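Asker: Got a structure for you, questions after.
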Amino acid sequence: MRPETPLAPSSRHAARWGLALLAPPLLLAVLAPLFGKLAVGPMLAAPSLAHPFGTDDLGHDLLALLAQGARVSFEVGGYATALAMGLGIALGLVAAFGGRLADDLVMRSAELTVTVPPLLLAIVMVGLFGTGNVLTALALGIGSWPMVARVVRAAAYGLRGQPHVTAARALGVSRAKIALRHVLPAILPLALSLVGVLFSGAVLAEATLSFVGLTDHTTPGWGHIMAHAGPYLRDAWWMWLFPGGFLVMTTAGVALVADSV
Amino acid sequence: MGRYLLRRLLQVPVGLAMVGSLAFLLIHLAPGGPVTALSGEYATAEIRQEIENRYGLDRPLGERYLAWAGAVLAGDLGRSYLHKAPVADVILERLPATLSIVLPAALLSLLVGGAIGLLSTRPPGAQRHLLAPMLALVGHMMPTFWIAQGMVLLFALNLGWFPVQGLDDPRLAAPGWSDRLRHLVLPVTTLVIHQLAMMALILRAALQAEVARPYMTTALAKGLGFPAARRRHALVNALHPVLAVMGGRIGATFVGAIAVETVFALPGLGRLIVSAAINRDHPLLLGIALSVCAVAMLGNLATDLMMNRLDPRMAIDRDEAAHAA
Numbered sequence: 001m002r003p004e005t006p007l008a009p010s011s012r013h014a015a016r017w018g019l020a021l022l023a024p025p026l027l028l029a030v031l032a033p034l035f036g037k038l039a040v041g042p043m044l045a046a047p048s049l050a051h052p053f054g055t056d057d058l059g060h061d062l063l064a065l066l067a068q069g070a071r072v073s074f075e076v077g078g079y080a081t082a083l084a085m086g087l088g089i090a091l092g093l094v095a096a097f098g099g100r101l102a103d104d105l106v107m108r109s110a111e112l113t114v115t116v117p118p119l120l121l122a123i124v125m126v127g128l129f130g131t132g133n134v135l136t137a138l139a140l141g142i143g144s145w146p147m148v149a150r151v152v153r154a155a156a157y158g159l160r161g162q163p164h165v166t167a168a169r170a171l172g173v174s175r176a177k178i179a180l181r182h183v184l185p186a187i188l189p190l191a192l193s194l195v196g197v198l199f200s201g202a203v204l205a206e207a208t209l210s211f212v213g214l215t216d217h218t219t220p221g222w223g224h225i226m227a228h229a230g231p232y233l234r235d236a237w238w239m240w241l242f243p244g245g246f247l248v249m250t251t252a253g254v255a256l257v258a259d260s261v
Numbered sequence: 001m002g003r004y005l006l007r008r009l010l011q012v013p014v015g016l017a018m019v020g021s022l023a024f025l026l027i028h029l030a031p032g033g034p035v036t037a038l039s040g041e042y043a044t045a046e047i048r049q050e051i052e053n054r055y056g057l058d059r060p061l062g063e064r065y066l067a068w069a070g071a072v073l074a075g076d077l078g079r080s081y082l083h084k085a086p087v088a089d090v091i092l093e094r095l096p097a098t099l100s101i102v103l104p105a106a107l108l109s110l111l112v113g114g115a116i117g118l119l120s121t122r123p124p125g126a127q128r129h130l131l132a133p134m135l136a137l138v139g140h141m142m143p144t145f146w147i148a149q150g151m152v153l154l155f156a157l158n159l160g161w162f163p164v165q166g167l168d169d170p171r172l173a174a175p176g177w178s179d180r181l182r183h184l185v186l187p188v189t190t191l192v193i194h195q196l197a198m199m200a201l202i203l204r205a206a207l208q209a210e211v212a213r214p215y216m217t218t219a220l221a222k223g224l225g226f227p228a229a230r231r232r233h234a235l236v237n238a239l240h241p242v243l244a245v246m247g248g249r250i251g252a253t254f255v256g257a258i259a260v261e262t263v264f265a266l267p268g269l270g271r272l273i274v275s276a277a278i279n280r281d282h283p284l285l286l287g288i289a290l291s292v293c294a295v296a297m298l299g300n301l302a303t304d305l306m307m308n309r310l311d312p313r314m315a316i317d318r319d320e321a322a323h324a325a
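Here the protein sequences line up with chains A and B, keeping their order. Per this note's numbering: the first sequence = residues 1 to 261. Per this note's numbering: the second sequence = residues 1 to 325.
Rendered as structure tokens:
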């Protein structure tokens, strides 16, 4: 098994820092309907009371755009993470308790999946089936389940010799029930600690896709705003600073919170 | 070791065949498809027929699969619809631009990140700093295109030290090496900032575990200073995870260059695959995806072999793990 990347520092302050970072983008996503429709105002206006984050090259209020982008980020990140978690936990348990054939099958598919970067899979899917946030989340989730499956399988193997598992087996409890009732609860915290890596990875991948124009233009993500910032970098710094800032707050915040769970 | 090596070598062609077959199947199940992309939505039936005929799209799926697999085995990845040229040629033409930012970035982040990781490892029990890992984390969590745009804003637009985009200055009669290097500084630095932190953190985590082990105590007891012992004894043992992560990220490194190539308008593979996806150029899309997977698999194989040389116990462990279940 490959070691997982120790990205976040362990500290009891980490969770607080993480929550503080995560709060503004999360608030933005939750309150998105309050920030109104994409009304057209003055073009490339600097931040002011009327437009706290300025406006973009088409005169859209950046606050409304950012709020919409926050929704896209949290949706895609959430769906992709949930899918990778579900698949990874299920397949990891099957590998650990399903016998040699199942183990081989799951682990070989994991090795195969790992060679295809999730972002590449997402790009290929967009090229084949067209753009869409659900499709993107699907591709990103499918692309990253092996990380979870490997951790779950390794942890489940370690638990097989534990007294409570041996006792359950001696009582004649079925393997499926042992896996779900006696092993799963014990390895859940470990699996959940991967949420940070998965979620921030998915959010970054979505932003990259939306930056290069491979997402649905009717629901622009943060990457889309930054792509528009390109030609106006010198004049409209706010189009560069705010979407990227919120993105980093989201990814770093989630990583810190998940690491200290 | 021999068995392990054989199994590991066999995995590459088998894996590629499976990825390729899956990709082929996906492409031919996808709606819309290349005919609509090439002819537009309002083409007459004859034009559609003509296009299907020219690219062999009217034949049954099984027959097309066999033809495609045979051609790929012979090194022919098909013709790009968009570029009207062999896929392999299109890829090879774009490869140098990508390699010229990805390779220096990988080397630099390994060297600089490794040095930072090595020097920031403290003796066991010493107070650990939180600031450096926090900064590194933020560095890794920033999207590459955001860093890239920040670089353009500061170093190209405001300070004027480096060109904004491209590989060469079109105003020069004969593009030279120094001009090319000037164009590569910002994209490479962007990638390094992104990768550096991870390298440093992984090495430091591994080193921190190594310096707590008994052989370090022995080294210190016989009079070696901590920095020397760290470098001579702990470093070799801590290289494992660094190699593993680097090897596992080769494919991701290529894909990660996409956004950087977009910001700096570099004619690389990343922008090629994006345009292939937007224009539904399926042979090109499939060709690039397969090539990246092949490189990733070979890279994985190379790192595994390297790790086995560093620590022969790995192969035995894995053989046993495979049989233990």
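Ideal placement from N, C-alpha and C gives every residue a C-beta, glycine not left out. Keep in mind it's a predicted model, so treat the numbers as computed, not measured.
Hey, how far is the Cα of I273/B from the Cα of I123/A?
Answerer: Looking up residue 273/B in the second sequence gives position 273. Looking up residue 123/A in the first sequence gives position 123. In a straight line, the C-alpha of I273/B is about 8 Å away from that of I123/A.
Asker: Give the straight-line distance between the Cα atoms of L188/A and T251/A, rounded to the nearest whole angstrom.
Answerer: Numbered from 1 along the first sequence, position 188 holds the residue referred to as residue 188/A. Numbered from 1 along the first sequence, position 251 holds the residue referred to as residue 251/A. Rounded to the nearest angstrom, the two C-alpha atoms are 22 Å apart.
Asker: Counting only C-beta atoms, is N300/B closer than 8 Å to chain A at any point?
Answerer: Counted from its first residue, the second sequence places residue 300/B at position 300. Interface residue, yes.
Asker: Return the CA-CA distance between A20/A and L128/A, expressed in angstroms with no decimal places.
Answerer: As a working mapping, residue 20/A is identified with position 20 in the first sequence. As a working mapping, residue 128/A is identified with position 128 in the first sequence. For A20/A and L128/A, the distance between alpha carbons rounds to 40 Å.
Asker: Kindly indicate which three-state DSSP category P104/B falls into: helix, strand or coil?
Answerer: Reading the second sequence from its first residue, position 104 is the one you call residue 104/B. Correct three-state label for P104/B: helix.
Asker: List in chain order: all unbroken alpha helix (DSSP H) runs of 4+ residues lying wholly within the region 53-129 of chain A.
Answerer: Whole alpha helix (DSSP H) segments, 4+ residues: 62-97, 99-114, 118-129.
Asker: Take the Cβ of M43/A as the centre, count every other Cβ of all protein chains shown within 10 Å, and call the residue buried at 16 or more, exposed below.
Answerer: On the first sequence, position 43 is the one that residue 43/A refers to. Result: exposed.
Asker: Taking all protein chains shown into account, decide if E50/B is buried (16 or more other Cβ within 10 angstroms of its Cβ) or exposed.
Answerer: Reading the second sequence from its first residue, position 50 is the one you call residue 50/B. Flag for E50/B reads exposed.
Asker: Output yes if chain B places a C-beta closer than 8 Å to the C-beta of F211/A; else output no.
Answerer: Translated into the one-based positions of the first sequence, residue 211/A becomes position 211. Interface residue, yes.
Asker: Return the CA-CA distance between G299/B and L135/B, expressed in angstroms with no decimal places.
Answerer: As a first step, residue 299/B is located in the second sequence; it is residue number 299 there, counting from the start. As a first step, residue 135/B is located in the second sequence; it is residue number 135 there, counting from the start. If I take the Cα positions, the gap works out to 29 Å.
Asker: T262/A: which of G99/A, P220/A, D259/A, A32/A sits nearest, CA to CA?
Answerer: The question about residue 262/A has no answer, for chain A in this structure spans 1 to 261.
Asker: Answer with yes or no whether the minimum CB distance from I178/A to chain B is below 8 Å.
Answerer: Walking along the first sequence from the start, residue 178/A turns up at place 178. Not one chain B Cβ lies under 8 Å of I178/A.
Asker: Suppose you measure from the CA of I193/B to the CA of R180/B; what does that come to, to the nearest Å?
Answerer: To locate residue 193/B, count along the second sequence from 1; it is residue 193. To locate residue 180/B, count along the second sequence from 1; it is residue 180. Straight-line Cα distance between these residues: approximately 21 Å.
Asker: Bridge partners of A86/B, per DSSP?
Answerer: The residue labelled residue 86/B in the question sits at position 86 within the second sequence. Going by the sequence as given, residue 86/B is Pro instead of Ala. R79/B, per the DSSP bridge assignment.
Asker: Excluding five sequence neighbours on each side, which residues of the same chain lie with their C-beta closer than 7 Å to the C-beta of R8/B?
Answerer: Working through the second sequence from its first residue, we reach residue 8/B at position 8. Once the five neighbours on either side are set aside, the close Cβ partners of R8/B are L301, D304.
Asker: So, does the CB of A207/A fall closer than 8 Å to a CB anywhere in chain B?
Answerer: Position 207 of the first sequence, counting from 1, holds the residue named residue 207/A. So, interface residue.
Asker: What does the Cβ neighbour count give for L107/B, buried or exposed, with the cut at 16 atoms within 10 Å?
Answerer: Locating residue 107/B in the second sequence gives position 107, where the first residue counts as 1. Per the 10 Å Cβ criterion, exposed.
Asker: Taking 8 Å as the CB-CB limit, is R280/B close to chain A?
Answerer: Position 280 of the second sequence holds residue 280/B. For R280/B, the answer is yes, since a Cβ of chain A falls inside 8 Å of its Cβ.
Asker: Give, in chain order, every residue of the region 123-141 of chain A whose Cβ lies closer than 9 Å to some Cβ of chain B.
Answerer: Answer set for the region 123-141 of chain A: I123, V124, M125, V126, G127, L128, F129, G130.
Asker: Where are the alpha helix (DSSP H) runs, 4 residues long or more, that stay fully inside the region 183-238 of chain A, in chain order?
Answerer: If we require 4 residues or more, the alpha helix (DSSP H) runs fully inside the region 183-238 of chain A come out as 184-192, 195-211, 222-229.
Asker: Would you be able to state if there are at least three C-beta pairs under 8 Å between the region 212-222 of chain B and the region 249-263 of chain B?
Answerer: Output reads no: the region 212-222 of chain B does not touch the region 249-263 of chain B.
Asker: In the structure shown, what three-state DSSP assignment does A324/B receive?
Answerer: In the second sequence, residue 324/B corresponds to position 324, counting from 1. Confidence at A324/B is low in this model, with a pLDDT of 44, below 50, so the placement of that residue is unreliable and no value is reported for it.
Asker: Out of curiosity, what's the CA-to-CA distance linking S291/B and F155/B?
Answerer: Position 291 of the second sequence holds residue 291/B. Position 155 of the second sequence holds residue 155/B. Rounded to whole angstroms, S291/B to F155/B spans 34 Å at the Cα level.
Asker: Closer than 6 Å by C-beta to L22/A: which residues in its own chain qualify, once you throw out the five before and the five after it? Chain order, please.
Answerer: Residue mapping note: residue 22/A aligns to position 22 of the first sequence, counting from 1. Excluding sequence neighbours, L22/A sits near G253.
Asker: Using a C-beta cutoff of 8 Å, does P185/A count as contacting chain B?
Answerer: The count along the first sequence starts at 1 and reaches residue 185/A at position 185. Closer than 8 Å: no.
Asker: Taking buried to mean at least 16 other C-beta atoms within 10 Å of its own C-beta, is D61/A buried or exposed?
Answerer: As a working note, residue 61/A is residue 61 in the first sequence. That one is buried.
Asker: Could you work out which residue in A148/B, P123/B, G225/B is closest to A188/B when comparing CA atoms only?
Answerer: In the second sequence, counting from the first residue as 1, residue 188/B sits at position 188. Per the sequence shown, the amino acid found at residue 188/B is Val instead of Ala. The candidate whose alpha carbon is nearest that of V188/B is A148/B.
Asker: Just mark G125/B as buried or exposed, buried being the case when its beta carbon has 16 or more other beta carbons within 10 Å.
Answerer: On the second sequence, residue 125/B is found 125 positions in, with the first residue counted as 1. G125/B is exposed by the Cβ-count criterion.
Asker: Does any residue of chain B bring its CB to less than 8 Å from the CB of A269/A?
Answerer: In the structure as shown, chain A begins at 1 and stops at 261. Residue 269/A is therefore absent and cannot be evaluated.
Asker: Measure how close the beta-carbons of A96/A and A156/A come, nearest whole angstrom, since I'm counting them as under 8 Å.
Answerer: Along the first sequence, one-based indexing puts residue 96/A at 96. Along the first sequence, one-based indexing puts residue 156/A at 156. The pair is a contact, with the Cβ atoms about 4 Å apart (cut-off 8 Å).
Asker: When the cut-off is 8 Å and only beta carbons count, does Q149/B lie next to chain A?
Answerer: As a position in the second sequence, residue 149/B is number 149, starting the count at 1. Yes, contact with chain A.
Asker: Among the candidates A296/B, G20/B, L266/B, whose CA atom is the shortest distance from the CA of G70/B?
Answerer: Translated into the one-based positions of the second sequence, residue 70/B becomes position 70. Comparing Cα positions, the closest option is G20/B.
Asker: By DSSP, does V164/B sit in helix, in strand, or in coil?
Answerer: In the second sequence, counting from the first residue as 1, residue 164/B sits at position 164. Three-state DSSP puts V164/B in coil, outside helix and strand.
Asker: Got a sec: is the Cβ-Cβ distance from A29/A to anything in chain B below 8 Å?
Answerer: Along the first sequence, read from residue 1 onward, the residue named residue 29/A stands at position 29. No, because no Cβ of chain B sits closer than 8 Å to the Cβ of A29/A.
Asker: Leaving aside the five residues before and after L121/A along the sequence, list all residues of the same chain whose C-beta is less than 8 Å from its C-beta, in chain order.
Answerer: In the first sequence, counting from the first residue as 1, residue 121/A sits at position 121. Hits under 8 Å: A139, L140, I142, G143.
Asker: Go ahead and label R153/A buried or exposed: buried means 16 or more other beta carbons lie within 10 angstroms of its beta carbon, across all protein chains shown.
Answerer: Locating residue 153/A in the first sequence gives position 153, counting from the first residue. Result: buried.
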